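K.L.:
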Amino acid sequence: MIYEFRRYTLRPGRRDELIELFEREFVESQEAAGMGVVGQFRDVDEPDVFCWMRKFPDMEARRAALTAFYGGPVWRAHRDAANATMIDSDDVLLLRPAFPGDPLPATGRPPAGATEMPEARYVAHVWPVGAGFAGFFADRVAPALASAGVPPVACFETEDAENTFPALPVRTDQTVFVWLARLGGPAEACPAEPPGVDAWLTAPPRRFRLSPTPRSALR
492 MIYEFRRYTL RPGRRDELIE LFEREFVESQ EAAGMGVVGQ FRDVDEPDVF
542 CWMRKFPDME ARRAALTAFY GGPVWRAHRD AANATMIDSD DVLLLRPAFP
592 GDPLPATGRP PAGATEMPEA RYVAHVWPVG AGFAGFFADR VAPALASAGV
642 PPVACFETED AENTFPALPV RTDQTVFVWL ARLGGPAEAC PAEPPGVDAW
692 LTAPPRRFRL SPTPRSALR
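First residue of the sequence shown? That's 492 in my numbering, and the numbers climb one at a time after it.
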């Protein structure tokens, strides 16, 4: 599987506008084009940031799905409205599962028009690291996180294949390891980096607290 972790900086006060448009027009239409819409989130600490994830079977399927969607009628009809909410949409990580299997298999989501907010919170950790970190994470970090009550929900690493849809840029400045943790209820605490991680970091880590939107499948 190929995943994208997309983080958009929006014009002040327009995040809810984009979320409503996205969840009405861009969920089923993207999936009909051959991709999976995994989850949509408000950044808890940045009121004008919208994050979301989608996935593809492989890089060629990604090219075909993106070509179909962005060349199709739904995007043409609503792209101006969507783009009008955005300042920057290029903070995009191209990822693959760090371990065998699909870490976020398809699940049900509420129907179009749903407005109830999920109570769950997620933390997305983006760690710029050197080669071989996945093994260290599995052996040393994941058990420590599980003991602390925050087992990883999903783990990813950089997919370094050539971007098959260059009309949508992806970041190539860092090799990263990304993992998600789910925090029950309205919990605000974030797990600290376990011992030993600092030795692997090639740049400061990023950490985002995320609140799922009403139609997010990851909830």
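Every residue gets a Cβ at the ideal spot worked out from N, C-alpha and C, and that includes glycine.
Keep in mind the model is a prediction, meaning the values are calculated, not measured.
Would you call the stretch 513-526 in contact with the stretch 554-566, where contact means no fewer than 3 C-beta pairs closer than 8 Å?
P.N.:
yes
K.L.:
Whose CA, out of 516, 493, 600, lies closest to the CA of residue 710?
P.N.:
600
K.L.:
Could you pull the start and end residues of the beta strand (DSSP E) that residue 643 belongs to?
P.N.:
643-649
K.L.:
Can you look up residue 678 in the DSSP assignment and give me helix, strand or coil?
P.N.:
With a pLDDT of 42 at residue 678, under the threshold of 50, the predicted position of this residue should be treated as unreliable, though the coordinate-derived value follows. The answer is coil: DSSP assigns residue 678 none of H, G, I, E or B.
K.L.:
Hey, which unbroken runs of the alpha helix (DSSP H) at 4 residues or more fall wholly within the stretch 534-589?
P.N.:
550-561, 564-574
K.L.:
Are the CB atoms of residue 498 and residue 542 within a distance shorter than 7 Å?
P.N.:
The answer is yes: Cβ separation under 7 Å.
K.L.:
Within the continuous beta strand (DSSP E) that includes residue 699, where are the two ends?
P.N.:
697-703
K.L.:
Where residue 495 and residue 653 are concerned, what is the direct C-alpha to C-alpha distance, given to the nearest angstrom?
P.N.:
14 Å
K.L.:
Measuring alpha carbon to alpha carbon, tell me which residue in 545, 528, 510, 515 is nearest residue 534.
P.N.:
510
K.L.:
Which residues does DSSP pair with residue 500 in a beta bridge?
P.N.:
Per DSSP, 540, 579.
K.L.:
Flag this pair as touching only if the stretch 544-555 and the stretch 626-644 have three or more C-beta atom pairs under 8 Å; answer yes or no.
P.N.:
no
K.L.:
Answer with buried or exposed for residue 538, where buried requires no fewer than 16 other C-beta atoms within 10 angstroms of its C-beta.
P.N.:
exposed
K.L.:
Using the three-state DSSP reduction, which class does residue 612 fall into: helix, strand or coil?
P.N.:
strand
K.L.:
Apply the 10 Å Cβ neighbour rule to residue 592 and answer buried if 16 or more other Cβ atoms are within range, or exposed otherwise.
P.N.:
exposed
K.L.:
If you draw a straight line from the alpha carbon of residue 615 to that of residue 672, how long is it in whole angstroms?
P.N.:
C-alpha of residue 615 to C-alpha of residue 672: approximately 7 Å in a straight line.
K.L.:
Counting C-beta neighbours from all protein chains within 10 Å, is the total for residue 594 16 or more, i.e. buried, or is it exposed?
P.N.:
buried
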